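Visitor: Residue numbers (the numbering used here): -11 to 316. We treat Cβ as the ideally placed atom computed from N, Cα and C, and that holds for glycine. Computed from a predicted model, the values in this text were never measured in an experiment.
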């Protein structure tokens, strides 16, 4: 008995806490992504670098009047101008990124924390204004997203209630309504917008879908941004429509992401329930309580307590609560 108690005490000493396990899982996941991107993008980057050097030496070889340092200064100037939103078009340069419509889209990308990175203020006064604008704009944006999420949830709940009254089966009506809401949101915010981007921007559907998710998730790499091709003429309503899509799409995607968080937390609770039962049984055995044999209904009670049908249904109301608690 003493040996068993010593082993149990040693096991408790060496047991890793849940936070440390979560941190190890997080680091492992990031390392996995790093290895994948390194393997997928590394060869393409090296090939592009070799091609760039080859093009440079061919240009210098064909035009002997050019000098290497002068050419590199010109290239650096073109890169700097392109980052500022300027491109060469014959004997003129293209403008328009900082007109009112372009500035409105930049303001949306700033307070939604998307931050594409393809466009940024260059003057000191604009940079200082951007700091204060984002300082108050980001909380305002979060409040608006929470309110939009609440409106979405209340609409889904009303539909579920009315459908339940007609079907006389509230649980099935709730699951059906929430599933339809998720599918509708998937169509409106992720699956259909790439067709619009394909028509107006000339992107493939995969590129448009990639841009949609990167934008709504506020990752905002900036490799694909709408309305930035100087060779295209965009409709006046285009950026305004995309701005509205961003607001509602971010609220919807926040619900979905927080739903995933809820499901993961609930699955973790199930594991904790099993661990708790095993610890209780181990302690009872060490105490020599022979009458503490586990009954089958104890395990059933644990399962029924933590595996309610509402947990695994597509519950948007859980997501709304999580948004309000976590502030997006």
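Alpha carbon to alpha carbon, what distance is there between residue 254 and residue 293?
Guide: Its pLDDT being 40, under 50, residue 293 is placed unreliably by the model, and the measurement read from it follows with that caveat. Taking the straight line joining both Cα atoms gives about 11 Å.
Visitor: Shortest alpha-carbon distance to residue 317 belongs to which of 149, 148, 46, 243?
Guide: What is shown of the chain runs -11 to 316, which leaves residue 317 out entirely.
Visitor: Inspect the CB distances between the region 126 to 136 and the region 230 to 238 and report whether three or more fall short of 8 Å.
Guide: Taking 8 Å as the limit for Cβ pairs, the verdict is that the region 230 to 238 does touch the region 126 to 136.
Visitor: Ignore the nearest five residues each way along the sequence and tell me which others in residue 95's own chain have a CB closer than 8 Å to its CB.
Guide: Closer than 8 Å at Cβ, skipping near neighbours: 121, 125.
Visitor: Between residue 186 and residue 196, is the Cβ-Cβ spacing less than 9 Å?
Guide: Contact flag set, yes.
Visitor: Would you report the Cα separation of residue 13 and residue 33, rounded to the nearest angstrom?
Guide: For residue 13 and residue 33, the distance between alpha carbons rounds to 29 Å.
Visitor: What's the call for residue 230, buried or exposed, on a 16-neighbour Cβ count within 10 Å?
Guide: Residue 230 comes out buried.
Visitor: Locate the alpha helix (DSSP H) running through residue 203, then write down its first and last residues.
Guide: Its alpha helix (DSSP H) spans residues 193 to 204.
Visitor: Classify residue 157 as helix, strand or coil using the three-state DSSP reduction.
Guide: DSSP places residue 157 in coil when its eight states are reduced to three.
Visitor: Report yes if the C-beta distance between residue 90 and residue 215 is below 9 Å; otherwise report no.
Guide: Cβ atoms of residue 90 and residue 215: closer than 9 Å.
Visitor: Under a three-way DSSP split, which group does residue 86 fall into?
Guide: Of the three classes helix, strand and coil, the one that applies to residue 86 here is coil, per DSSP.
Visitor: Let's test the definition: count the other Cβ atoms within 10 Å of the Cβ of residue 50 and tell me whether it reaches 16, buried, or not, exposed.
Guide: It counts as exposed.
Visitor: By the three-class DSSP mapping on this structure, what secondary structure does residue 225 have?
Guide: Coil.
Visitor: Using three-state DSSP, classify residue 289 as helix, strand or coil.
Guide: The pLDDT assigned to residue 289 is 47, lower than 50, so where the model puts this residue is not dependable; a value taken from the coordinates is nonetheless given after this. Reduced to three states, the DSSP call for residue 289 is helix.
Visitor: Can you give me the C-alpha to C-alpha distance between residue 6 and residue 223, rounded to a whole angstrom?
Guide: Cα to Cα, the separation comes out at about 53 Å.
Visitor: Determine, using beta carbons only, whether residue 144 and residue 111 come nearer to each other than 9 Å.
Guide: Contact flag unset, no.
Visitor: Give me the residue from 155, 249, 100 with the minimum Cα distance to residue 202.
Guide: Checked all of 155, 249, 100; the closest Cα to residue 202 is 100.
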